[in-house]
Ligand code: FES
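Numbering (the numbering used here), first residue to last: 33 to 181.
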């Protein structure tokens with residue numbers, strides 16, 4: 033089926049949505065459609081991606097105004113009867129098209145002190161932790177630094 037997209041094109045100074053059509057089939061995600069548009073209609077369209085598996089956090093964008101990983105956003109979950117908008121995440125300065133400047137995140141990361149564990153709790157050199165404390169930090173261990181939150 034043919035699906036209409038409105039993709040933001042431009043740089044830090046100016047830009048606008050441009051319309052594209054993509055031939056979409058069952059199982060496709062938004063990133064597949066962007067790649068098809070790049071391949072067939074806009075080979076200068078800038079977009080960042082790496083794993084296409086929701087692991088690297090590179091393909092962050094706003095799809096229909098919602099922050100999403102494009103590689104995990106299934107077209108079957110979107111209302112395809114009207115154009116699907118894709119734009120760069122608004123929290124960061126735009127470099128080109130769907131690519132934003134994330135350097136602020138990495139400069140902040142450099143200021144975070146490395147974890148230094150307290151002295152071991154037990155004579156055998158191990159620590160005792162409550163399951164509730166493990167559960168609390170586990171969520172942060174899953175962060176893929178997509179910067180959508
Ligand atoms: Fe890696 Fe989407 S391409 S999270």
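Glycine residues also receive a C-beta, built at the ideal position from the N, C-alpha and C atoms.
- Taking non-hydrogen atoms of ligand 1 into account, the C-beta of residue 87 is found less than 7 Å away from one of them.
- A contact is defined here as three or more CB-CB pairs under 8 Å, and the region 40-59 meets this definition with respect to the region 104-123.
- Of the other Cβ atoms in all chains shown, 16 or more fall within 10 Å of the Cβ of residue 102; this residue is therefore buried.
- Of 55, 59, 81 and 139, the smallest CA-CA separation from residue 72 is found for 55.
- With contacts defined by Cβ atoms closer than 8 Å, residue 179 and residue 123 form a contacting pair.
- Beta-bridge partners assigned by DSSP to residue 43: 128.
- About 5 Å separates the CB atoms of residue 78 and residue 131; that is less than 8 Å, so the two are in contact.
- Per DSSP, residue 72 is not a residue of any beta strand (DSSP E); the alpha helix (DSSP H) it occupies stretches across 62-72.
- Taking the C-beta atoms as reference points, residue 44 is found nearer than 8 Å to residue 125.
- Per DSSP, residue 93 lies in no alpha helix (DSSP H) segment; the continuous beta strand (DSSP E) that holds it begins and ends at 92-95.
- Counting of Cβ neighbours within 10 angstroms places residue 154 among the exposed residues, the total staying below 16.
- DSSP places residue 53 in the strand class (E or B) of the three-state scheme.
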